[in-house]
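Worksheet for the structure shown next.
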Amino acid sequence: MPKIVARFEIRYSRCLDPACELVAPLPPTACTSDQLIALYRAIVRTRSFDGKAIALQRTGRLGTFASSLGQEAVPVGATSAMRENDVLLPSFREHGAQLCRGVTPLELFLYCGGDERGSDFARAREDFPVCVPVGSHAPHGVGVALAFRLRNEKRAAVCIFGDGATSKGDVAEALNVAGVWKLPVIFVVSNNGWAVSMPRGRQSAAETLAQKAIAAGFTAEQVDGNDVAAVHGAVASALERAREGGGPHLIEALTYLLFDHTTADDASRYRDDAEVTRHWPEEPVLRLRRFLTALGHWTKTDEQRLFRETAVEMTAAADLYLATPPQDPAIMFDYTFASLPAELAAQRQAALGRIDFAASVGKTSNRTD
Ligand SMILES: Cc1ncc(C[n+]2csc(CCOP(=O)(O)OP(=O)(O)O)c2C)c(N)n1
Ligand SMILES: [Mg+2]
237 MPKIVARFEI RYSRCLDPAC ELVAPLPPTA CTSDQLIALY RAIVRTRSFD GKAIALQRTG
297 RLGTFASSLG QEAVPVGATS AMRENDVLLP SFREHGAQLC RGVTPLELFL YCGGDERGSD
357 FARAREDFPV CVPVGSHAPH GVGVALAFRL RNEKRAAVCI FGDGATSKGD VAEALNVAGV
417 WKLPVIFVVS NNGWAVSMPR GRQSAAETLA QKAIAAGFTA EQVDGNDVAA VHGAVASALE
477 RAREGGGPHL IEALTYLLFD HTTADDASRY RDDAEVTRHW PEEPVLRLRR FLTALGHWTK
537 TDEQRLFRET AVEMTAAADL YLATPPQDPA IMFDYTFASL PAELAAQRQA ALGRIDFAAS
597 VGKTSNRTD
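For the record, in the sequence shown the residue sitting at position 291 is 527 according to our numbering, with numbers rising by one throughout.
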């Protein structure tokens, strides 16, 4: 009779269910009315930034934007549990996380508008810039955690990516090394059920994405990703353990994106509208607002004031962004190579409007005007 040599289980937890019932105790750092209101303000602020970014993009004043509508509780819950000197490695849908870390809406608008100065954060200096190549920041998170270990610092890295990223080799390798070296890194999988048009069921045959950490030799769990207190609690405990040498942890937060993949996408071509409608009642803002209101901690006046405040903040940031003179186009050439290859030197001159690029490389121009 072969004997069983390994067993595992993945636990799923939530504090507030979609009906706003408290089904488990709130975590110690997200249980007072002040703490819950701070989390509520942060998810509303994220949504307000999101709305402004989409409006700017739709009017041709911002580049492609990846909305986080409906999944704000994951980045906010995760980063609200971090200490200032921990390090965040966000992917492209984590502006809520960056806002919580002190990155300003102006910096985020600049970044989304293609201006590199937006990634030169005035605060959160050690946080990483947005990572667009899917999952490629997971090994960087491991590197950051290794640096903390080598320097004997009680700090941890938090690396956030999507469900689709867990199919990448980069993520598998990062989990593996984090497990072998027991590094202080927390992986947060923001599982919104889709990787562009690829549904979760066709991305992996594994029952949970969390169990990929078990294969790498460390602990993992699932949480309700629309319950900001549950995400906060899971990340807070994981960070505490990691800083004390307990090693990595993976949290698969189950959420849902109520918007298209990006402003360049039309999800109705591959995703049923009925599926989206079904998820609206579970979204995180509504859930926490109803809970706070039922306890008497939040009123209509509070709500109106918060919406006004965040709208004013985002409009002011957008105005500043729109009034920012563009960067000198020379910098994209000047900071890439130590000495510029000849063909790029010609492009540099052309970009600066000093020569006709097509003529300089001996080709006829395609211009028809
Ligand atoms: C290496 C790489 N391959 C492909 C893409 C194009 N792409 C952008 S987002 C995305 C899907 C990501 O899905 P997931 O990790 O679930 O994140 P989500 O977009 O759902 O937040 C893909 C394939 C990319 N950015 N990088
Ligand atoms: Mg996804």
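Backbone N, C-alpha and C fix where the C-beta goes; we use that ideal spot for every residue, glycine too.
Asked, Found
"Euclidean distance between Cα positions of D463 and M568", "41 Å"
"Per-residue burial, E352 [other beta carbons within 10 Å of its own, 16 or more giving buried]", "exposed"
"CB of N321 within 7 Å of CB of R387, strictly", "no"
"Supposed close pair E343, G354 - CB separation, criterion 8 Å", "5 Å"
"Sub-7 Å separation of A456 and V421 beta-carbons", "no"
"Assumed close pair T402, S440 - CB separation to whole angstroms, cut-off 8 Å", "7 Å"
"Alpha-carbon spacing of G287 relative to V280, whole angstroms", "11 Å"
"L258 versus H468: straight-line alpha-carbon distance, rounded", "15 Å"
"Where F423 sits in the DSSP three-state scheme", "strand"
"Beta-bridge partners of D460, as assigned by DSSP", "L490"
"Any non-hydrogen atom of ligand 1 closer than 6 Å to N412 Cβ", "no"
"heavy atom of ligand 1 below 6 Å from G623 C-beta", "Residue 623 lies beyond the residue range present for the chain, which begins at 237 and ends at 605; the question has no answer from this structure."
"Chain-order list of residues whose beta-carbon lies under 6 Å from that of G453 (same chain, five-residue window excluded)", "G415"
"A501 beta carbon near ligand 2 (any heavy atom closer than 6 Å)", "Looking at the sequence shown, residue 501 is not Ala but Asp. Not under cutoff, so the answer is no."
"Local conformation of S355 per DSSP, three classes", "helix"
"Selected residue, minimal CA-CA separation from G398, among G429, N412, H376", "G429"
"Spatial neighbours of T498 in its chain, beta-carbon cut-off 7 Å, leaving aside the 5 residues before and after", "T300, F301, A302"
"D550 versus Y248, A291, L275, residue with shortest Cα-Cα distance", "Correcting the residue type first, residue 550 is Met in the shown sequence and not Asp. Ranking the options by Cα distance to M550, first place goes to A291."
"Beta-carbon separation (whole angstroms), L493 vs C395, contact threshold 8 Å", "At roughly 19 Å, the Cβ-Cβ gap does not stay under 8 Å, so L493 and C395 are not in contact."
"Alpha helix (DSSP H) runs contained entirely in the stretch 524-557, provided each spans 4 or more residues", "none"
"Straight-line Cα distance separating N412 from R603", "Residue confidence for R603 is low, a pLDDT of 34 falling below 50, so the modelled location carries little weight; the figure read from the coordinates is stated next. Their Cα atoms are separated by approximately 51 Å."
"Rounded distance between the beta-carbons of A289 and C182, thought under 8 Å", "Limits of the chain in this structure are 237 at one end and 605 at the other, which puts residue 182 out of reach."
"Cα-Cα separation between G532 and R359, rounded to whole angstroms", "35 Å"
"First and last residue of the uninterrupted alpha helix (DSSP H) at I567", "567-570"
"Straight-line Cα distance separating V370 from G400", "8 Å"
"Anticipated Cβ contact below 8 Å, C406 with P375, distance rounded", "First, the amino acid is wrong: residue 406 is Asp here, not Cys. The pair is a contact, with the Cβ atoms about 6 Å apart (cut-off 8 Å)."
"Cβ neighbour criterion (16 or more within 10 Å) applied to D270", "exposed"
"Contact check, A449 vs V459, beta carbons under 7 Å", "no"
"Proximity of P520 and A309 at Cβ, strictly below 7 Å", "yes"
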